[in-house]
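Scroll down for the structure; my scribbles are underneath it.
Protein chains: 2
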Amino acid sequence: MVGGGQLARMTHEAGIPLGVRFKLLSDTPRDSAALVAGEVVVGDHRDLDTLREFARGCDVITFDHEHVPLEHLRALRAEGVAVRPGPEALAHAQDKGVMRARLTELGVPCPRHRLVADPADVTRFAQEGDGYPVILKTVRGGYDGKGVWFVRSEADAAEPFRAGVPVLAEEKVDFRRELAANVVRSPSGQAVAYPVVESVQVAGVCDTVIAPAPDLAPELALRAQELALRVARELDVVGHLAVELFEVAGADGEPAILVNELAMRPHNSGHWTQDGAVTSQFANHVRAVLDLPLGDPRPRARWTVMANVLGGDYPDMYQAYLHCMARDPGLKIHMYGKDVKPGRKVGHVNTYGDELADVRDRARHAAGYLRGTITE
Amino acid sequence: MVGGGQLARMTHEAGIPLGVRFKLLSDTPRDSAALVAGEVVVGDHRDLDTLREFARGCDVITFDHEHVPLEHLRALRAEGVAVRPGPEALAHAQDKGVMRARLTELGVPCPRHRLVADPADVTRFAQEGDGYPVILKTVRGGYDGKGVWFVRSEADAAEPFRAGVPVLAEEKVDFRRELAANVVRSPSGQAVAYPVVESVQVAGVCDTVIAPAPDLAPELALRAQELALRVARELDVVGHLAVELFEVAGADGEPAILVNELAMRPHNSGHWTQDGAVTSQFANHVRAVLDLPLGDPRPRARWTVMANVLGGDYPDMYQAYLHCMARDPGLKIHMYGKDVKPGRKVGHVNTYGDELADVRDRARHAAGYLRGTITE
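So the sequence lines, in the order shown, correspond to chains B and X.
Quick note: the first sequence uses full-length UniProt numbering, first residue 1, plus one each step.
Quick note: the second sequence uses full-length UniProt numbering, first residue 1, plus one each step.
Dropping the structure here:
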């Protein structure tokens with residue numbers, strides 16, 4: 001796996017019972033996954049020779065993030081390395097312009113969008129619809145709210161163009177809530193769909209995920225799963241695909257969905273599966289990229305809630321960690337081994353049970369206590 | 001953790017979400033846990049200097065097996081190393097004579113037993129009860145049926161004495177079935193009890209574990225849990241304690257229990273907890289030895305069955321592994337990364353559900369198919 005973040009850490013964890021030999025390419029020996037993996041190569045994922053050397057002896061290489069240059073992946077594949085997902089699929093996760101163009105071609109509902117050339121062009125884009133505000137995104141390199149701007153006027157629109165990366169304009173969607181449809185697909189075409197979840201964002205960062213999404217019309221849930229499966233197939237995704245969605249009021253007033261983002265790797269909206277599904281997204285990602293038969297994606301509990309643990313003002317979470325475990329013996333804690341910095345994702349918690357309000361309160365309490373925003 | 005077997009492998013896996021830095025002392029770099037752990041020291045656990053060097057920088061050391069000499073553990077502790085469980089507790093897991101003497105002193109029901117000096121003494125022991133057969137055990141070094149003899153006559157009784165290790169004689173118990181009561185205890189005295197399970201042995205090796213033990217009288221289950229908690233407290237066990245039990249017909253004809261063996265580490269009879277309990281034995285062992293609050297030991301399913309995967313005649317299990325995953329997407333496979341040798345434990349499977357017959361069939365089918373004894 002290329003990339004030493006928490007997704008790789010949890011993928012290694014999930015691969016252990018499968019008997020998988022896991023080798024990691026990590027930026028530093030202190031990265032989250034590098035702390036726990038058995039075989040760690042420290043090197044730069046942007047360097048082809050490093051990738052080539054790393055891939056030697058691997059049956060397949062897969063990714064913790066979207067930052068490996070596509071030309072390197074094409075070169076590796078030409079040399080016989082199994083790259084999963086492949087560069088054609090990853091192009092859609094790396095470049096939001098490519099993603100939007102392809103989804104639109106497939107008839108997948110998306111927010112109104114187009115590439116924009118400069119601030120004046122942003123104003124034209126706004127005027128083509130309901131005017132400002134407009135969302136601007138650099139087509140590459142964004143995550144967790146980075147690379148995304150909420151723009152109220154042409155004067156606001158200068159900043160995104162400074163990076164010299166193409167900029168995509170999107171209408172500001174008046175969504176009811178955010179959902180995610182997560183699927184896993186293997187090279188032989190087998191695919192599984194997890195229940196559609198609700199994802200609650202705070203300041204552009206995922207805060208809470210509720211599985212399944214409460215009060216979601218069954219036919220809309222099914223439509224979201226079918227859409228995700230179709231995108232996985234059409235884009236030839238191998239491994240886990242997260243389709244982030246907006247739930248909106250459609251033209252007929254009925255609930256409808258629009259695709260917000262795609263991620264072709266295990267995803268924050270799937271962390272609940274570690275304790276809430278028969279097979280976790282990490283285990284199924286491993287199974288998929290190795291073309292093993294996929295595991296059952298069904299939920300194990302009526303409700304599962306995931307809450308991200310962000311770093312707070314205190315670097316040492318140990319006392320809070322003890323408190324949360326003592327207060328709630330059923331709490332499932334997942335720490336990433338990272339140094340605590342304010343706002344940094346350093347872990348998450350999962351809770352599950354029969355009563356949504358209770359399950360959600362437990363998860364939010366633990367996450368808040370670990371961050372230091374709740375002290376009782 | 002000292003010892004690189006599958007128990008250490010699964011303990012490392014369970015420590016990852018807790019954010020624990022796991023360091024391993026392994027006999028070889030190819031041991032089961034050494035293949036997946038982040039920090040591996042290869043060395044001899046019988047060598048004090050190796051242990052001393054290994055323990056440097058560890059908050060606590062704990063064990064995958066019972067083979068570290070007690071005098072080394074006492075020396076480490078005298079030097080300030082936290083050794084959990086401690087040598088006083090481990091003495092009972094290392095020496096069956098010490099274990100039997102202490103349990104008897106505590107009034108814990110055990111099979112009739114005493115140390116025996118030679119074959120003639122075995123005959124005297126037999127005559128003190130119902131005669132032959134008698135079980136002979138070397139007091140140290142046995143596991144999985146090794147170091148245990150079923151002796152039908154004085155002529156049979158010579159072999160166990162050849163090792164030069166004291167020999168314990170025990171009556172052959174006419175048991176109804178074998179049970180295990182598993183508990184976890186922390187240094188601060190917190191303890192949790194898992195449901196009592198039935199353990200089915202084949203040729204002295206654990207074959208299947210059913211959780212909870214079917215048709216077990218609730219008052220007997222409670223008595224078994226209380227007994228295990230009491231043994232943990234009286235022997236000052238820290239971490240996981242497995243109390244292997246015989247269920248017998250008591251003097252009054254009512255079911256009763258006798259203690260067969262103790263193990264002070266995660267144990268095969270607790271593997272079902274990985275998929276069948278809120279908190280696995282491995283996670284609770286880690287929590288206990290680090291004196292973290294313990295996790296909920298309650299079951300997540302009505303029934304969970306564990307079946308051991310033993311090596312068969314074919315060294316390559318890959319096709320069988322694919323078949324089992326494809327046949328049963330809810331099957332939970334746990335492979336140890338070991339080379340396959342006939343009869344060697346190379347993994348286990350867990351299944352869970354509402355119908356015992358179905359859950360048991362699924363587990364046994366998968367284990368048999370992986371071994372090669374079932375081919376359809």
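Ideal Cβ positions, reconstructed from N, Cα and C, are used throughout, including at glycine.
When we look at the beta-carbon of residue i and count the other beta-carbons within 10 Å, is it buried (16 or more) or exposed?
{"i": "residue 153(X)", "result": "exposed"}
{"i": "residue 96(B)", "result": "buried"}
{"i": "residue 146(X)", "result": "exposed"}
{"i": "residue 178(X)", "result": "buried"}
{"i": "residue 39(B)", "result": "exposed"}
{"i": "residue 342(B)", "result": "exposed"}
{"i": "residue 29(B)", "result": "exposed"}
{"i": "residue 387(X)", "result": "Missing from the structure shown is residue 387(X); chain X here goes from 1 to 376 and no further."}
{"i": "residue 374(X)", "result": "exposed"}
{"i": "residue 377(X)", "result": "Only positions 1 to 376 of chain X appear in this structure, which leaves residue 377(X) out of reach."}
{"i": "residue 277(X)", "result": "buried"}
{"i": "residue 377(X)", "result": "With chain X running from 1 to 376 in the structure shown, residue 377(X) is simply not present."}
{"i": "residue 32(B)", "result": "buried"}
{"i": "residue 357(X)", "result": "exposed"}
{"i": "residue 128(X)", "result": "exposed"}
At the level of alpha carbons, what is the spacing between residue i and residue j?
{"i": "residue 91(B)", "j": "residue 66(B)", "result": "9 Å"}
{"i": "residue 155(B)", "j": "residue 119(B)", "result": "7 Å"}
{"i": "residue 330(X)", "j": "residue 291(B)", "result": "17 Å"}
{"i": "residue 283(X)", "j": "residue 186(B)", "result": "31 Å"}
{"i": "residue 214(X)", "j": "residue 26(X)", "result": "38 Å"}
{"i": "residue 170(B)", "j": "residue 111(B)", "result": "6 Å"}
{"i": "residue 349(B)", "j": "residue 113(X)", "result": "49 Å"}
{"i": "residue 324(X)", "j": "residue 190(B)", "result": "16 Å"}
{"i": "residue 300(X)", "j": "residue 217(X)", "result": "21 Å"}
{"i": "residue 219(B)", "j": "residue 239(B)", "result": "25 Å"}
{"i": "residue 157(X)", "j": "residue 122(X)", "result": "7 Å"}
{"i": "residue 380(B)", "j": "residue 206(B)", "result": "This structure leaves residue 380(B) out entirely; chain B is present only between 1 and 376."}
{"i": "residue 10(X)", "j": "residue 37(B)", "result": "14 Å"}
{"i": "residue 162(B)", "j": "residue 353(B)", "result": "48 Å"}
{"i": "residue 74(B)", "j": "residue 49(B)", "result": "13 Å"}
{"i": "residue 288(X)", "j": "residue 72(B)", "result": "47 Å"}
{"i": "residue 176(B)", "j": "residue 149(B)", "result": "20 Å"}
{"i": "residue 235(X)", "j": "residue 4(X)", "result": "26 Å"}
{"i": "residue 22(X)", "j": "residue 12(X)", "result": "6 Å"}
{"i": "residue 322(B)", "j": "residue 183(X)", "result": "21 Å"}
{"i": "residue 77(X)", "j": "residue 194(X)", "result": "30 Å"}
{"i": "residue 333(X)", "j": "residue 126(X)", "result": "44 Å"}
Please decide whether residue i counts as near chain D, where near means a Cβ-Cβ distance under 9 Å.
{"i": "residue 13(B)", "result": "Given the protein chain composition of this structure (B and X), no chain D is represented."}
Helix, strand or coil for residue i, going by three-state DSSP, please let me know.
{"i": "residue 271(X)", "result": "coil"}
{"i": "residue 312(B)", "result": "coil"}
{"i": "residue 110(B)", "result": "coil"}
{"i": "residue 325(X)", "result": "helix"}
{"i": "residue 168(B)", "result": "strand"}
{"i": "residue 255(B)", "result": "strand"}
{"i": "residue 261(X)", "result": "strand"}
{"i": "residue 379(B)", "result": "Any property of residue 379(B) remains undetermined from this structure, which presents chain B solely from 1 to 376."}
{"i": "residue 150(B)", "result": "strand"}
{"i": "residue 286(B)", "result": "helix"}
{"i": "residue 177(X)", "result": "strand"}
{"i": "residue 394(B)", "result": "With chain B covering 1 to 376 only, the question about residue 394(B) has no answer from this structure."}
{"i": "residue 191(X)", "result": "strand"}
In the DSSP assignment, what are the bridge partners of residue i?
{"i": "residue 26(B)", "result": "42(B)"}
{"i": "residue 182(B)", "result": "242(B)"}
{"i": "residue 124(B)", "result": "Per DSSP, none; premise fails for residue 124(B)."}
{"i": "residue 277(X)", "result": "299(X)"}
{"i": "residue 206(X)", "result": "201(X)"}
{"i": "residue 335(X)", "result": "347(X)"}
{"i": "residue 306(X)", "result": "209(X) and 350(X)"}
{"i": "residue 219(X)", "result": "DSSP lists no partner for residue 219(X)."}
{"i": "residue 248(B)", "result": "256(B)"}
{"i": "residue 138(X)", "result": "167(X)"}
{"i": "residue 83(B)", "result": "61(B)"}
{"i": "residue 231(B)", "result": "None, per the DSSP bridge assignment."}
Within 7 Å of chain B by C-beta, residues of the region 312-331 of chain X in sequence order: 322, 325, 326, 329 and 330
Within 8 Å of chain B by C-beta, residues of the region 281-294 of chain X in sequence order: 287, 292, 293 and 294
Contact set between the region 60-75 of chain B and chain X, restricted to residues whose Cβ is under 7 Å from the partner: Cβ contacts with chain X come from no residue of the region 60-75 of chain B.
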